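Numbering (this note's numbering), first residue to last: 131 to 281.
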């Protein structure tokens with residue numbers, strides 16, 4: 131500290147001093163007695179607030195324990211599924227090609243089966259059926275007779 135006082139305290143003598151009522155004194159200000167015996171208002175240190183009492187440890191809720199245990203399990207499952215899909219990708223592609231081939235086979239079968247059934251009904255004869263008709267008549271106004279052959 132400095133050896134000299136940086137300010138000068140002056141005391142008014144002979145004049146009436148203003149008096150403050152106790153309810154006008156702001157918080158943190160109080161009456162103090164100086165070393166020379168004079169009483170004055172000054173800021174006073176506030177007593178330290180009492181330290182908060184430690185709160186008793188609360189048990190961890192069951193839902194929090196369950197969630198904490200499930201989080202890595204679910205994460206590990208998702209990771210395993212991703213790795214499995216990456217290994218299975220070639221097989222999945224092959225299966226999709228096989229499914230498309232199956233769809234094409236079914237579509238071709240829907241067209242080919244009726245054609246094969248029609249060919250089998252005709253008794254193995256190749257080509258369309260041949261119908262021949264023979265008609266004979268005698269005279270200008272004679273009666274006509276004929277035969278029809280299916281081959």
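For glycine and all other residues, C-beta sits at the position ideal for the given N, C-alpha and C.
Remember, predicted model here, so these are calculated numbers, not experimental data.
Name the DSSP beta bridge partners of residue i, please?
{"i": "residue 263", "result": "278"}
{"i": "residue 159", "result": "173"}
Between the options, which has its C-alpha nearest residue i's C-alpha?
{"i": "residue 164", "options": "174, 155, 212", "result": "174"}
{"i": "residue 156", "options": "204, 169, 176, 168", "result": "176"}
{"i": "residue 170", "options": "149, 186, 185", "result": "149"}
Am I right that residue i and residue j are in contact with their C-beta atoms under 8 Å? What's the rounded C-beta distance?
{"i": "residue 172", "j": "residue 159", "result": "7 Å"}
{"i": "residue 266", "j": "residue 279", "result": "14 Å between Cβ atoms; not a contact."}
{"i": "residue 109", "j": "residue 276", "result": "Beyond the ends of the chain as shown, which are 131 and 281, falls residue 109; an answer cannot be given."}
### Query
What are the start and end residues of each continuous alpha helix (DSSP H) run of 4 or more residues lying completely inside the segment 178 to 262, in chain order?
192 to 251
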